[in-house]
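Colleague: For the sequence shown, my numbering gives the first residue as 19, with consecutive numbering after it.
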Amino acid sequence: MATEVDQSAPPAPKQPPPEKPSDTTRRTRVVLSFWLIVVLLGLPIWWRTTSIHRASLPLDAMLRWADGKACRPVFPLQISIQADALNDSEAQHLVRLTQHALDDLNDFSGHHLRLQLAPKRGGNGVQAYDAEAALTIQLVPGETTSAALEPHSPVLDITYPPNAVPSTNSASSTLATYIANELRSTFAEEQTIISYLLSTATASASLPSASPSTSRSPGLTPEVAETLSKRTTRSLRYAPAYHLTFSLFTPRAVPSTWDVEAAVREYVQPVLDVLRPIHNFTIDTQVQLYATPGAQSQLLSKDDLASFINAAEWPLSPSIGGSPTVNFLTYVGNQTIGLEDSPADTSQSWMIPQWGTVYLLPLPETTTHVTSEMLKQPMLTFAGHLLSLLGTPHSGSLPLRLSTLSRIRSADLLLRASSTLGSLARLSLALPSIAIPHSVAEGVSTTMHHLEQACASLGQPEGLTHARIAEAEAEKAFFEKSMVGQLYFPDEHKVAVYLPLLGPVGVPLVIGLVNELRSWMKRRRQRAADASEKKGQ
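(1) Does DSSP put R72 in a helix, in a strand, or in coil?
(2) Provide the residue span of the beta strand (DSSP E) that contains L153, from first to last.
(3) What does a CB cutoff of less than 6 Å around V173 pick up in its chain, not counting 5 residues either side in sequence?
(4) Looking only at DSSP bridge pairs, what is R132 linked to?
(5) Under the rule that 16 or more other beta-carbon atoms within 10 Å means buried, what is S550, buried or exposed?
(6) On the DSSP letters alone, give me the boundaries of the beta strand (DSSP E) that N187 sits inside.
(7) Per DSSP, which one or two residues make a beta bridge with W368?
(8) In angstroms with no decimal places, state the Cα-to-Cα distance between Y377 and H412.
(9) From T186 to H118, what does the alpha carbon distance come to, in whole angstroms?
(10) Are the region 466-476 and the region 280-296 touching, with three or more C-beta to C-beta distances below 8 Å?
(11) Got a sec, what are the start and stop residues for the alpha helix (DSSP H) H118 sits in?
(12) Thinking C-alpha only, which one of L293, G312, A490 is nearest F267?
(13) At the level of alpha carbons, what is the spacing between G461 and P342?
(14) Measuring straight from C-alpha to C-alpha, what distance separates R545 and P28?
(15) What residue does the beta strand (DSSP E) around H261 start on, and which one ends it?
(16) Have a look at R234 and F93 and give me their C-alpha separation to the nearest angstrom.
(17) Tell me the DSSP bridge mates of S164?
(18) Just to confirm, are T275 and H387 a CB contact at a threshold of 8 Å?
(19) Rounded to the nearest angstrom, how far is the Cβ of I176 from that of T116, given a contact under 8 Å?
(20) At what residue ranges does the region 427-474 contain a whole run of the alpha helix (DSSP H), taking only runs of 4 or more?
(21) Kindly indicate which residue of T218, A485, L482, S446 has the alpha-carbon position closest to the one of T250.
(22) My output table needs one value for I327: the three-state DSSP class, helix, strand or coil.
(23) Name the DSSP beta bridge partners of I301, please?
(24) Please classify V513: is it buried, with 16 or more other beta-carbons within 10 angstroms of its beta-carbon, or exposed?
(25) Can you tell me the Cα-Cα spacing of L238 and N345, whole angstroms?
(26) Which term fits A547, buried or exposed, when burial requires 16 or more other beta carbons within 10 angstroms of its beta carbon?
(27) Name, in chain order, the residues that DSSP records as bridge partners for H387.
(28) Excluding the five sequence neighbours on either side, which residues of its own chain have a C-beta within less than 8 Å of the C-beta of P31, listed in chain order?
(29) Quick one: is the Cβ of R44 within less than 7 Å of any heavy atom of the ligand MG?
(30) To the nearest angstrom, report how far apart L323 and Q372 are at their CA atoms.
(31) Does DSSP classify I355 as helix, strand or coil?
(32) Leaving out the 5 sequence neighbours to the left and right, which residues in its chain are closer than 6 Å to D277 when beta-carbon positions are compared?
(33) Go to L346, then tell me how far its beta strand (DSSP E) extends in each direction, as first and last residue.
(34) Taking all protein chains shown into account, decide if R543 is buried (16 or more other Cβ within 10 angstroms of its Cβ) or exposed.
(35) Please state whether DSSP places L405 in a helix, a strand or coil.
(36) Straight-line CA distance for R66 to L449?
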């Protein structure tokens with residue numbers, strides 16, 4: 019019986035002709051060629067052109083400096099004792115007893131006061147003081163025991179009665195104890211300031227946490243720490259050079275001229291000369307007429323001082339040549355400053371922290387020219403305030419205060435450079451994608467070299483020089499422009515940039531590779547089936 023064919027069924031789809039083996043091989047080679055180009059050429063070029071260069075940094079050594087493990091700040095100070103009235107054996111024994119008494123009194127191991135006996139004066143009676151000695155003690159026989167610092171030289175004059183000289187077999191001496199106490203008192207402020215610097219650095223994990231004896235002093239009470247904190251806030255940040263601007267402001271057309279050059283040369287230049295080993299100074303002057311202050315009252319209160327300077331109209335000179343500017347402003351007017359503690363008392367000047375000084379100079383209205391003599395008191399005030407703004411200690415003679423300032427600045431710069439190294443090391447560890455150019459590595463190497471030199475020569479003039487270079491190089495390395503710019507390009511930003519570019523290229527490559535793998539697996543299964551069928555026949 020004939021079978022009836024269903025004419026309504028759809029026809030079977032027409033299959034493509036079988037692919038030739040040569041076409042399959044060609045397609046495979048094309049896909050592999052694209053992937054070989056991507057893997058062997060594209061990826062290395064992309065990696066080379068987009069990789070971030072990171073120069074090798076001695077991170078462990080940098081963190082050791084920041085933690086205070088690389089340097090223990092010690093200031094060896096040489097004290098010279100001039101005892102011409104004593105014979106050699108008595109003088110040597112007195113020096114030994116004084117050294118023992120001084121060691122017993124010294125509770126701050128960061129200061130090492132070492133005594134030595136100076137040679138006796140020559141026949142002319144003139145003795146050239148040792149330039150390397152921080153202080154010279156001049157022992158002179160007298161009726162009573164007394165001590166006085168010479169105002170213009172680092173010399174401590176001590177008088178003593180003849181019976182106070184210890185015998186060569188004595189184990190103690192009141193004169194030795196007296197000299198030790200005077201030395202401790204002379205350097206007490208320096209020890210307190212350095213102790214404060216070390217303690218604040220320890221609190222910020224930048225200096226000797228492992229040696230608390232160098233970072234703490236029994237005299238560093240909360241009240242003293244608060245006073246030193248205010249002094250630090252008031253002082254200018256250290257700079258190798260400062261620009262001094264002397265300004266004359268007047269609310270009228272007169273006076274219009276002043277002998278400022280002569281006044282600066284006579285009253286301020288001596289202070290600048292003694293500060294020359296620590297800072298360099300440049301000076302300029304200006305006269306501004308019809309300058310109206312912000313406060314118009316005759317008796318200025320503390321609140322009036324904040325608005326007295328009319329910054330919107332007074333053309334105060336900015337920093338010149340990159341050096342910080344210290345402003346010394348003389349205002350010709352009849353205002354005075356009332357003191358809160360004693361309203362009956364008045365003052366003519368006030369110091370503005372980290373800025374300068376304003377002096378109110380009362381002059382007759384008919385004065386057309388300000389002479390050098392009229393500027394004497396303002397200039398002396400400016401000179402004294404300049405020392406305060408630079409962080410000079412308050413006690414002691416001027417030479418001692420300046421040598422102390424040099425050592426304080428050395429310690430401060432060493433601490434700041436060490437802290438900057440630690441910050442750079444922590445930044446490098448926290449941001450693996452940040453670039454580190456060779457200039458940063460060289461700056462770190464230079465910084466560490468000069469830090470070692472500064473640590474070895476603390477208390478000497480070259481210690482300040484090395485500390486200054488170390489701090490400048492550390493700041494330069496930390497604020498390297500090419501390194502800081504990488505902070506604004508995190509990995510998420512890079513992915514957001516690459517995806518729109520690589521998507522249209524990567525999708526066809528991946529799909530082509532997947533299809534080719536499927537075809538290869540299909541052909542492999544087909545060959546396996548054909549081989550099994552032939553084996554079965």
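For each residue, glycine too, the CB sits at the ideal point set by N, CA and C.
Modeller: In short:
(1) strand
(2) 153-159
(3) These residues qualify, in order along the chain: T154, Q156.
(4) Answer is Q96.
(5) exposed
(6) First-last for N187: undefined, no H or E at that position.
(7) In DSSP, W368 forms a bridge with V376.
(8) 21 Å
(9) 15 Å
(10) no
(11) 106-123
(12) G312
(13) In a straight line, the C-alpha of G461 is about 24 Å away from that of P342.
(14) 32 Å
(15) 259-267
(16) A caution first: R234 carries a pLDDT of 40, below 50, which makes its placement in the model unreliable, though a value can still be read off. Those two C-alpha atoms are separated by around 15 Å.
(17) T177
(18) In this structure, H387 lies closer than 8 Å to T275 by Cβ.
(19) Between I176 and T116 the beta-carbon gap is near 11 Å, outside 8 Å, which marks them as no contact.
(20) 456-474
(21) From the listed residues T218, A485, L482, S446, the smallest Cα separation to T250 is found for T218.
(22) coil
(23) L262
(24) exposed
(25) 33 Å
(26) exposed
(27) According to DSSP, H387 bridges with T275.
(28) none
(29) This structure lacks the ligand MG; in fact it carries no ligand of any kind.
(30) 15 Å
(31) strand
(32) T389, S390
(33) Strictly speaking, residue 346 in this sequence is Phe, with Leu absent from that position. F346 -> beta strand (DSSP E) spans 343-350.
(34) Taking all protein chains shown into account, R543 has fewer than 16 neighbouring C-beta atoms within 10 Å of its C-beta and is therefore exposed.
(35) helix
(36) 20 Å
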